[in-house]
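First the structure, in the form of C-alpha cells, and then the observations on it.
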Amino acid sequence: MKLTVLGSGTGIPSAARNAPGYLLEVSGHSFLIDCGSGILRQLERAGRHFEELTGIFLTHTHPDHIGDVVPLVHACRLPGVTRSRPLPIFGPTGIDHFFATFVTPLTGLPSAFPLEIAAAAAEECLGPVRVVSAPTVHSDAMASLAYRFEAGGRAVVLSGDCDWDPGIVNLAEGADLVVLDCSTLAAGKVRGHLSAEECGRVGAAAGAKRLLLSHLYPVAADDADEARLQECRTLFAGDIAIARDFQEIEI
Numbered sequence: 006m007k008l009t010v011l012g013s014g015t016g017i018p019s020a021a022r023n024a025p026g027y028l029l030e031v032s033g034h035s036f037l038i039d040c041g042s043g044i045l046r047q048l049e050r051a052g053r054h055f056e057e058l059t060g061i062f063l064t065h066t067h068p069d070h071i072g073d074v075v076p077l078v079h080a081c082r083l084p085g086v087t088r089s090r091p092l093p094i095f096g097p098t099g100i101d102h103f104f105a106t107f108v109t110p111l112t113g114l115p116s117a118f119p120l121e122i123a124a125a126a127a128e129e130c131l132g133p134v135r136v137v138s139a140p141t142v143h144s145d146a147m148a149s150l151a152y153r154f155e156a157g158g159r160a161v162v163l164s165g166d167c168d169w170d171p172g173i174v175n176l177a178e179g180a181d182l183v184v185l186d187c188s189t190l191a192a193g194k195v196r197g198h199l200s201a202e203e204c205g206r207v208g209a210a211a212g213a214k215r216l217l218l219s220h221l222y223p224v225a226a227d228d229a230d231e232a233r234l235q236e237c238r239t240l241f242a243g244d245i246a247i248a249r250d251f252q253e254i255e256i
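Using our numbering, you'd call the opening residue of the sequence shown number 6 and step up by one each time.
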C-alpha cells in the first residue's frame with residue numbers, strides 16, 4: 006500500500022498546501038479520497054491520471070473537499086477519454102442528491118462509461134481492498150464519513166474532517182497509518198475538528214502505529230509544525246509526521 010498526499014491544506018488558499026485529497030494505491034488499484042480544488046492537477050503532477058482511478062471516496066461535501074468534483078465529471082465527458090469501465094464514487098448519505106442537484110446539471114454524465122454514485126456501505130470490497138466507513142462528528146448541516154482501507158494485513162484510516170468521538174477511535178484501532186484532521190492547536194480548538202492534542206488522544210486510544218497530521222489551518226505559533234508535533238506527542242508515543250503535498254508513504 007502506498008499513500009500519496011495530494012492536498013494537506015484546508016479551504017484557505019495556500020501556495021504550499023492544496024485543498025484536501027489523497028491517493029491510495031494497492032496492488033494495481035488506486036483510490037482517490039476527497040477531491041478538493043486543484044486535486045486533478047495535483048494528481049497529474051504526481052504522475053497519475055483520473056482515468057486510472059479504481060474508485061473515489063468523498064468524506065463530506067464541504068467545498069474544500071469536493072471542489073474538483075465538477076471538473077472531474079466534466080473531464081470524463083471530454084474527447085480523448087479512453088476509459089470504458091464504470092467509475093464508482095462513494096460518499097456519505099445524500100451523495101446521490103448532491104450529484105443530482107449540484108454536479109450533473111452543470112456537466113451532464115459521461116457517455117463513454119457510467120458513474121456509479123452511491124452512499125458508502127458500512128463495508129465495501131473493491132478488488133483486494135476492504136473499505137470500512139464510519140460516521141464522524143463534524144457538521145450539523147451534513148453527514149460526514151471516515152474510511153478505513155485494509156489489504157494484505159495492513160490498514161490505513163483517513164478521518165476526513167472530524168471532532169473527538171469514540172467512533173473514530175474504533176475505526177482507527179490498530180491501524181498502521183491514521184491520517185487525521187489536525188486543524189488547530191488545543192488553545193485554538195474549533196468545534197467539528199481535532200486539535201493536535203486530540204489527534205494524540207485518538208492515536209493512543211486506538212493503538213495506532215503511525216499518525217499523519219493533515220488538514221492544517223494556519224496557527225499562531227513561531228513553528229506551527231513543531232508546535233503540532235509537540236502537542237500530539239504529549240499523548241501519543243508512536244511515529245508522528247506532518248503531512249506535506251506530494252509526500253509518499255509506504256505502508
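Glycine included, every Cβ here is placed at the ideal spot set by N, Cα and C. In this text, all values refer to a predicted model and were calculated from it rather than measured experimentally.
Between the segment 43-57 and the segment 122-132 there are fewer than three C-beta pairs closer than 8 Å, too few to call the two in contact.
Boundaries for D39: no alpha helix (DSSP H) harbours it, and the DSSP string shows neither H nor E there.
Among the bridge pairs identified by DSSP, D186 is matched with S219. Taking L131 as the centre and dropping the five residues before and after it, the same chain places the C-beta of H34, F36, T59, G60, P93 closer than 8 Å to its C-beta, in chain order. Residue pairing from DSSP places C130 in a beta bridge opposite R135. Put simply, the backbone Cα of L48 is about 7 Å away from that of L11. Shown here for M147: same chain residues with a beta carbon closer than 8 Å to its own, the five before and five after excluded, namely H65, T66, H67, P97, G99 in chain order. Contact check between the segment 162-173 and the segment 198-214: three or more CB pairs, one atom from each, fall below 8 Å, which counts as touching. Inter-residue distance for P223 and T189 is about 8 Å (C-alpha atoms, whole angstroms).
The DSSP-derived three-state label of L111 is helix.
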